[in-house]
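Some notes on the structure that comes next.
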């Protein structure tokens with residue numbers, strides 16, 4: 014299994030690099046375009062803060078993980094549709110960049126984001142890459158299907174799937190890794206982020 018994971022990452026390095034660039038670019042844009050995004054994203058932040066304060070949104074491992082794992086699987090599934098996973102990743106990057114800029118205190122906001130963000134951002138990058146690989150599978154499947162002429166429909170489907178199934182397997186492996194990282198991120202956010210951030214802030218102050 015370890016070898017399969019290594020192969021999934023090495024053979025799809027470009028997909029992971031592209032996803033990383035999309036995330037980094039959207040984080041930077043979100044940060045520097047904060048004044049222009051305020052009208053669109055401020056209501057979202059206010060709704061989240063209100064939900065946490067009145068108890069509608071629970072800051073627990075289960076609630077955090079279930080919310081974030083939906084994003085991971087959505088990226089994988091939408092990858093089959095013209096790589097829409099990139100749009101989801103870009104929006105998340107914009108939102109995080111906007112949030113950091115809107116918070117007003119760069120050091121404090123980063124301290125409250127970095128402990129779990131290391132795992133969470135890595136997870137969504139890999140999830141986005143899994144969507145790209147899923148699209149690659151679909152493209153290869155349809156391409157192989159289209160060039161076959163003399164086989165029955167059943168044989169065409171079987172041959173096309175066999176020719177392209179490795180990409181589907183690799184997409185699922187990346188999805189599994191992203192899910193594990195998101196579980197770690199949920200645990201860190203629920204139990205460790207605030208104590209770590211508070212401790213570091215006490216030292217810095």
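Residue numbers (our numbering): 14 to 218. Ideal placement from N, C-alpha and C gives every residue a C-beta, glycine not left out.
- Query: Where does residue 128 land, buried or exposed, given buried means 16+ other C-beta within 10 angstroms?
  - Reply: By the Cβ neighbour-count rule, residue 128 is buried, with 16 or more other Cβ atoms within 10 Å of its own.
- Using 8 angstroms as the threshold, is the segment 172 to 181 in touch with the segment 74 to 84, meaning 3 or more CB pairs across them? The count of Cβ pairs closer than 8 angstroms, one atom from the segment 172 to 181 and one from the segment 74 to 84, stays below three, leaving the stretches out of contact.
- Query: Within 10 angstroms of its Cβ, does residue 145 collect 16 or more other Cβ (buried), or is it exposed?
  - Reply: Label assigned to residue 145: buried.
- Does DSSP put residue 46 in a helix, a strand or coil? Residue 46 falls in the coil class under three-state DSSP.
- Distance CB(residue 102)-CB(residue 46) smaller than 9 angstroms: At a Cβ-Cβ threshold of 9 angstroms, residue 102 and residue 46 do not count as neighbours.
- Item | Residue range of the alpha helix (DSSP H) that includes residue 75 | DSSP places residue 75 in the uninterrupted alpha helix (DSSP H) bounded by 74 to 91.
- For the 8 angstroms Cβ check, are there 3 or more pairs between the segment 112 to 121 and the segment 46 to 64? With the cut-off at 8 angstroms, the segment 112 to 121 and the segment 46 to 64 touch.
- Message: Within the continuous alpha helix (DSSP H) that includes residue 111, where are the two ends?
- Response: Counting along the chain, residue 111 sits inside the alpha helix (DSSP H) bounded by residues 98 to 116.
- Unbroken alpha helix (DSSP H) run spanning residue 149, endpoints: It spans 127 to 159 - the alpha helix (DSSP H) in which residue 149 sits, taken as one unbroken run.
- Query: Which residues in the same chain as residue 17 place their Cβ atom closer than 7 angstroms to its Cβ, once the five residues preceding and following it in sequence are excluded?
  - Reply: Correct list, in chain order: 186.
- Query: From what residue to what residue does the alpha helix (DSSP H) around residue 16 run?
  - Reply: 15 to 24 is the span of the alpha helix (DSSP H), which, as asked, contains residue 16.
- Can you tell me the Cβ-Cβ gap for residue 131 and residue 85, rounded? I've got them flagged as a contact below 8 angstroms. Not a contact, Cβ separation roughly 16 angstroms.
- How many Å lie between residue 11 and residue 154 at the Cα? Since the displayed the chain opens at 14 and closes at 218, residue 11 lies outside it and no answer follows.
- residue 59: buried (16+ other C-beta within 10 angstroms of its C-beta) or exposed? Answer is exposed; the Cβ neighbour count stays below 16.
- Do the CB positions of residue 43 and residue 111 come within less than 9 angstroms of each other? Yes, the pair counts as a contact, with Cβ atoms nearer than the cut-off.
- Query: Any idea what DSSP makes of residue 205, helix, strand or coil?
  - Reply: Assignment of residue 205 by DSSP, reduced to helix, strand and coil, places it in the coil class.
- Item | residue 39 versus residue 104: straight-line alpha-carbon distance, rounded | Taking the straight line from one Cα to the other gives about 7 angstroms.
- Is residue 95 helix, strand or coil when you go by DSSP? Coil at residue 95, not helix or strand.
- Report yes if the C-beta distance between residue 173 and residue 161 is below 9 angstroms; otherwise report no. With respect to the 9 angstroms criterion, residue 173 and residue 161 are classified as neighbours on the basis of their beta carbons.
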